[in-house]
Amino acid sequence: MPDYRRRYADGGIYFLTLCLEDRRSGLLVREIDKLRGAWRRAAAARPFETIAAVVLPDHLHFLWRLPDDDHDFPIRIAQLKAGFTRALPEPVKRTGRKRERGVWQSRYWEHLIRDGGDLDRHIDYIHFNPIKHGYVDDPDSWPYSTYKKWKTDTGRPITTPRGDWKPLHLGERV
277 MPDYRRRYAD GGIYFLTLCL EDRRSGLLVR EIDKLRGAWR RAAAARPFET IAAVVLPDHL
337 HFLWRLPDDD HDFPIRIAQL KAGFTRALPE PVKRTGRKRE RGVWQSRYWE HLIRDGGDLD
397 RHIDYIHFNP IKHGYVDDPD SWPYSTYKKW KTDTGRPITT PRGDWKPLHL GERV
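Structure (structure tokens):
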């Protein structure tokens, strides 16, 4: 059995990725208002600051800053996933593992941000993700992202991985 170890830091900034169980699903963008509602409810129950986020049809990436005296991002993820799942119509909630109801993959990716450069790279990765997956050619064109607000607030466009970057399709759903 794998031994997953997570790093915790009070007031930490975490890069997180959540994926739907059905990676062919467009559920997250189709039900974006339910996801936004679950996000607000999770933040009201256990505060966090969203630094950057992008929602794609089958997964989402985001950066959360936790309060100075708190490091419990797993409870927030559980609240977000459960809140979204509960808001869905019954036919979507078919079978699945306990508490997940077949909507979410049970695991998720997390990374504790180490420094300012690491933070900038993850912000760029988040905002570039719709291009990576071939949904749009410009991050301004993706409606389910914090990119426009971030660009307005910072005045800085994203730094692309390479100047002539093209999406690579290596078995990923695009």
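Residue numbers are given in our numbering: position 2 of the sequence shown equals residue 278, and the series is strictly consecutive. Ideal Cβ placement from N, Cα and C applies to all residues, glycine included.
CB of Ala314 within 8 angstroms of CB of Gly378, strictly: The residue labelled residue 314 in the question sits at position 38 within the sequence shown. The residue labelled residue 378 in the question sits at position 102 within the sequence shown. Gly378 sits away from Ala314, with the two beta carbons spaced by 8 angstroms or more.
Using beta-carbon positions only, say whether Arg322 and Ile351 come within less than 8 angstroms of one another. In the sequence shown, counting from the first residue as 1, residue 322 sits at position 46. In the sequence shown, counting from the first residue as 1, residue 351 sits at position 75. Here Arg322 is near Ile351, since their CB atoms are less than 8 angstroms apart.
On the DSSP bridge assignment, give the partners of Arg341 in chain order. As a working note, residue 341 is residue 65 in the sequence shown. Paired residue(s): Ile289, Glu325.
Do you know whose CA, among Pro415, Arg316, Trp418, Asn405, lies nearest Thr326's CA? Position 50 of the sequence shown, counted from the first residue, corresponds to residue 326. Measuring from the Cα of Thr326, the nearest candidate turns out to be Arg316.
Find the nearest neighbour of Glu297 within the set Arg312, Ser382, Asp346, Glu307, judged by alpha-carbon distance. Here the question's residue 297 lines up with position 21 in the sequence shown. Looking at the Cα atoms, Ser382 is the closest of the given residues.
Excluding five sequence neighbours on each side, which residues of the same chain lie with their C-beta closer than 8 angstroms to the C-beta of Glu448? Counting from 1 along the sequence shown, the entry for residue 448 is found at position 172. With a pLDDT of only 44 at Glu448, under the threshold of 50, the placement of this residue in the model should not be trusted, and no figure is reported.
Selection from Tyr284, His335, Ser417 that minimises the alpha carbon distance to Asp345: Indexing the sequence shown from 1 puts residue 345 at position 69. The shortest CA-to-CA distance from Asp345 to any of Tyr284, His335, Ser417 is the one to Tyr284.
Counted within 10 angstroms of its Cβ, other Cβ atoms place Lys357 as buried (16 or more) or exposed: Along the sequence shown, one-based indexing puts residue 357 at 81. The residue is buried, with at least 16 neighbouring Cβ atoms inside 10 Å.
Does the Cβ-Cβ distance between Ala328 and Trp426 come in under 8 angstroms? Working through the sequence shown from its first residue, we reach residue 328 at position 52. Working through the sequence shown from its first residue, we reach residue 426 at position 150. Going by C-beta atoms, Ala328 is nearer than 8 angstroms to Trp426.
Considering only C-alpha positions, which residue in the set Thr435, Val305, Arg282, Gly431 is nearest to His347? As a first step, residue 347 is located in the sequence shown; it is residue number 71 there, counting from the start. The candidate whose alpha carbon is nearest that of His347 is Arg282.
Which residue marks the beginning of the beta strand (DSSP E) containing Leu304, and which one marks its end? For the purposes of this step, residue 304 is taken as the residue at position 28 of the sequence shown. Premise fails: Leu304 lies in the alpha helix (DSSP H), 303 to 306, not in any beta strand (DSSP E).
Endpoints, beta strand (DSSP E) assigned at Trp385: Residue mapping note: residue 385 aligns to position 109 of the sequence shown, counting from 1. Taken as a continuous stretch (DSSP letters only), the beta strand (DSSP E) holding Trp385 covers 385 to 388.
Please work out which residues of its chain come closer than 8 angstroms, Cβ to Cβ, to Leu446, disregarding the five sequence neighbours upstream and downstream, and give them in chain order. Locating residue 446 in the sequence shown gives position 170, counting from the first residue. Since pLDDT at Leu446 reaches only 38, below the 50 mark, its modelled position is unreliable, and the value read off the structure follows with that caveat. Nothing meets the Cβ criterion.
What does the alpha-carbon distance come out to for the pair Phe404 and Asp309? Looking up residue 404 in the sequence shown gives position 128. Looking up residue 309 in the sequence shown gives position 33. Between the C-alpha atoms of Phe404 and Asp309 there is a straight-line separation of about 22 angstroms.
Quick check: what's the CA-CA separation for Thr430 versus Asp396? On the sequence shown, position 154 is the one that residue 430 refers to. On the sequence shown, position 120 is the one that residue 396 refers to. Taking the straight line from one Cα to the other gives about 12 angstroms.
Taking 6 angstroms as the limit between beta carbons, can you name the residues of its chain near Phe291, skipping five residues before and five after? Within the sequence shown, numbered from 1, the residue matching residue 291 stands at position 15. When the five nearest sequence neighbours on each side are left out, the beta carbons in the same chain lying within less than 6 angstroms of the beta carbon of Phe291 are those of Leu339, His387, His398, in order along the chain.
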